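Participant: First the structure, then my questions, so here it is.
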Amino acid sequence: AVVSTQSTGDIQIFFMDPIDVASKLNKQMLKVLDFQKLQRKNITRHRVETIKRLEPRVSDLQRQIKQLIEENKRLKSMISGSMKSPGLNSPRSFAQVLGSRITPPPAVFQTPGASPRSVECGKRSAEFSSRWSYKNVPSGRSSR
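Under my numbering, think of the first position of the sequence shown as 10, with each following residue one higher.
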């Protein structure tokens with residue numbers, strides 16, 4: 010069997026001059042290395058830009074974390090101090106101590122379990138019980 014130019018590349022490489030094979034592989038290797046170098050350069054540039062863009066935000070968040078830690082320490086000391094003095098346990102005085110920046114949610118000032126719906130249902134229940142008491146039970150039925 011004669012090797013022709015129509016043979017597959019895998020077979021032709023065995024019949025080529027070794028210098029030509031090395032030259033061809035060297036060219037392919039240089040193309041791969043150039044491509045990878047360009048990609049590394051692009052990735053590095055992108056990462057540097059991202060870091061520069063995010064650095065101000067990171068420093069701002071670090072500053073906020075420090076402030077929150079200090080505020081947390083201050084609030085813990087206030088809470089531990091409020092357990093010793095009964096006047097600071099009320100929500101109003103606690104809000105006054107915190108200052109105008111922080112306001113407690115309205116639920117703090119509500120009676121436990123007194124949502125607007127439960128208050129409405131309580132009014133209905135009071136109306137119903139005032140109209141229907143055991144005194145108003147018809148005579149044919151027994152009362153409790």
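Just so you know, even glycine gets a beta-carbon here, dropped at the ideal spot from N, CA and C. None of the values given here were measured: they were computed from a predicted structure.
1. To the nearest angstrom, how far is it from the Cα of Lys40 to the Cα of Gln76?
2. Between which two residues does the alpha helix (DSSP H) holding Ile20 run?
3. With DSSP run on the structure shown, which of helix, strand or coil describes Met25?
4. For Ile22 versus Val30, is the C-beta distance shorter than 8 Å?
5. Given that a residue counts as buried once 16 or more other Cβ atoms are within 10 Å of its Cβ, and exposed if not, what is Gln119?
Facilitator: Reading it off the structure:
1. 54 Å
2. Gly18 to Gln21
3. coil
4. yes
5. At Gln119 the pLDDT is 46, less than 50, meaning the model places this residue with poor confidence; the figure from the coordinates comes in the next sentence. Exposed, because fewer than 16 other Cβ atoms sit within 10 Å of the Cβ of Gln119.
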